[in-house]
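In what follows, a single structure is set out as C-alpha cells and then discussed.
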Amino acid sequence: MGKARYAELHCRSNFSFLEGASHPEELVERGVEIGLTAAALTDRDGLYGAVRFAKAAKPTRLAAIVGVELTLDVPERSRLVILAENEAGYANLARAISHAQLRGKKRDARARLSDFENSADGLIVLSGSQHGYVEEALVRGDVAGAASRAATLRDIFPGRFYFELQHHLRPEDARLVLAQVELAERLGLPYVATNGAAYARREDARLCDVLTCVKAKTDL
Numbered sequence: 024m025g026k027a028r029y030a031e032l033h034c035r036s037n038f039s040f041l042e043g044a045s046h047p048e049e050l051v052e053r054g055v056e057i058g059l060t061a062a063a064l065t066d067r068d069g070l071y072g073a074v075r076f077a078k079a080a081k082p083t084r085l086a087a088i089v090g091v092e093l094t095l096d097v098p099e100r101s102r103l104v105i106l107a108e109n110e111a112g113y114a115n116l117a118r119a120i121s122h123a124q125l126r127g128k129k130r131d132a133r134a135r136l137s138d139f140e141n142s143a144d145g146l147i148v149l150s151g152s153q154h155g156y157v158e159e160a161l162v163r164g165d166v167a168g169a170a171s172r173a174a175t176l177r178d179i180f181p182g183r184f185y186f187e188l189q190h191h192l193r194p195e196d197a198r199l200v201l202a203q204v205e206l207a208e209r210l211g212l213p214y215v216a217t218n219g220a221a222y223a224r225r226e227d228a229r230l231c232d233v234l235t236c237v238k239a240k241t242d243l
C-alpha cells in the first residue's frame, strides 16, 4: 500500500442534529464494555456534548477525543471532521466554530478553510467520508478536483490531514473507500478507519429511526 500511514479511530459519534440516539455517558459506557481505547464525539457544528463526554470518560480507560463535524460554506454543504489534539487545538476549534456560527444562522453554520489559515495548530482533520469535502468531488467522478481539495487541506494542516474511511455495508461504500485509498496513495497522504456510530446499543436503533423521522418530517 505504498508509504501511506494508517491509524484506527474506533468510534466517531454525533450527538446533535437528531443524529445520535445515545447520550455521551452511554457511549462511554458501551465503549468501555467492548474494549475501545479511544472514541471521538463529533457533534455537528458545535461542542454540545463535549463536556459530558469528557467527564464520563475521565475515570475510565477510554480516551475521549473532542471534535466537531464542521459544515463548509460551499454549495454542496460538505463537511470536515476536526479533532482537538491539545489545548491550543481546542482553542482554535472553538474559534473556528464561532466564526462558522456567526457567518450563518441556527443549524446553518458556514465554515471556511480560510478560518484555519493562521489557526490550524493542534488540530487533526479527517476528510469526512461520504459527506466530506474531498469525497463530494470523488462521488461526482471529479478525481482532479478531489486531488486539488485534498492538497489544499494537506497544506493547511501539514501532517495532520487524513482521509476518513467508513464502510457500513452499503453498496456505494466499497467504491468510495477504494477511490479514497487510491487518491491517498497517489498524494502520499495517510488514512484512518472510523465507525460512524449513531447509538450505543442495538436496542437503541428504534429510537434512532424515530429521530430520523422527526428530522425528515415523516413517519416510521
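Numbering (this note's numbering), first residue to last: 24 to 243.
Idealized CB from N, CA, C, for every residue including glycine.
Please read these numbers as outputs of a predicted model, since none were measured by experiment.
To the nearest angstrom, report how far apart V166 and K78 are at their CA atoms. Rounded to the nearest whole angstrom, the C-alpha separation of V166 and K78 is 42 angstroms.
Go to V166, then tell me how far its alpha helix (DSSP H) extends in each direction, as first and last residue. Unbroken alpha helix (DSSP H) run through V166: 166-179.
I'd like to check one pair, A223 with S214: are the Cβ atoms closer than 7 angstroms? With the sequence shown as reference, residue 214 is identified as Tyr, and Ser is not the correct amino acid for it. Cβ atoms of Y214 and A223: not closer than 7 angstroms.
With contact counted as at least three CB pairs below 8 angstroms, one residue from each stretch, are the region 135-146 and the region 80-87 in contact? Because the criterion of three Cβ pairs below 8 angstroms is not met, the region 135-146 and the region 80-87 do not touch.
Closest by C-alpha distance to P65, when choosing among A73, L59, G58: Checking the sequence, you will find Thr at residue 65 rather than Pro. Answer by Cα proximity: A73.
Contact check, A134 vs L95, beta carbons under 7 angstroms: Cβ distance < 7 angstroms, so A134 and L95 count as in contact.
CA nearest to the CA of G182, picked from H122, L210, E159: Looking at the Cα atoms, L210 is the closest of the given residues.
Indicate whether the contact test is met: 3 or more Cβ pairs, each with one atom in the region 152-162 and one in the region 107-120, closer than 8 angstroms. The answer is no - the region 107-120 does not touch the region 152-162, with fewer than three Cβ pairs under 8 angstroms.
So, using beta-carbon positions, are G151 and L201 closer together than 7 angstroms? With contacts defined as CB atoms closer than 7 angstroms, G151 and L201 fail to qualify as a contacting pair.
Contact belief for L212 with A239 at Cβ below 8 angstroms, rounded distance in angstroms: Contact flag wrong, Cβ pair sits at about 35 angstroms.
Three-state secondary structure assigned by DSSP to S100: Reading off the sequence shown, one finds Arg at residue 100, where the question assumed Ser. The answer is coil: DSSP assigns R100 none of H, G, I, E or B.
Secondary structure at G54, three-state DSSP: helix, strand or coil? In the structure shown, G54 adopts helical secondary structure according to DSSP, grouped into three states.
Does G58 pass the burial test, meaning 16 or more other C-beta atoms within 10 Å, or should it be called exposed? G58 should be labelled exposed.
Could you tell me the alpha carbon to alpha carbon distance between L9 and E108, rounded to whole angstroms? Since the first residue of the chain shown is 24 and the last is 243, residue 9 is not available in this structure.
Q189 to Y71 span [Cα, whole Å]: Taking the straight line joining both Cα atoms gives about 24 angstroms.
Look at G169 and L176 and say whether their C-beta atoms are less than 7 angstroms apart. What sits at residue 169 in the sequence shown is Ala, not Gly. No.
With C-beta atoms as the reference, is A221 less than 7 angstroms away from C231? Yes, Cβ-Cβ distance for A221 and C231 is below 7 angstroms.
Boundaries of the alpha helix (DSSP H) in which D66 is found, first to last residue: If you look at D66, you'll find it isn't in any alpha helix (DSSP H); it sits in the beta strand (DSSP E) that goes 61-67.
Assuming contact is defined by CB atoms lying nearer than 7 angstroms, are A63 and G43 in contact in what I supplied? No, Cβ-Cβ distance for A63 and G43 is not below 7 angstroms.
Residues near G127 by beta carbon distance below 6 angstroms, same chain, minus five either side: Around G127: R133.
Spatially closest choice to L56 from R75, D68, A80, by CA coordinates: Checking the displayed sequence, the identity of residue 56 turns out to be Glu instead of Leu. Ranked by Cα distance from E56, the first of R75, D68, A80 is A80.
Give the secondary structure of E108 by DSSP, where H, G and I count as helix, E and B as strand, and everything else as coil. Looking at E108 - three-state DSSP - the assignment turns out to be coil, as it is neither helix nor strand.
Can you check whether the CB of G164 is closer than 7 angstroms to the CB of G112? Cβ atoms of G112 and G164: not closer than 7 angstroms.
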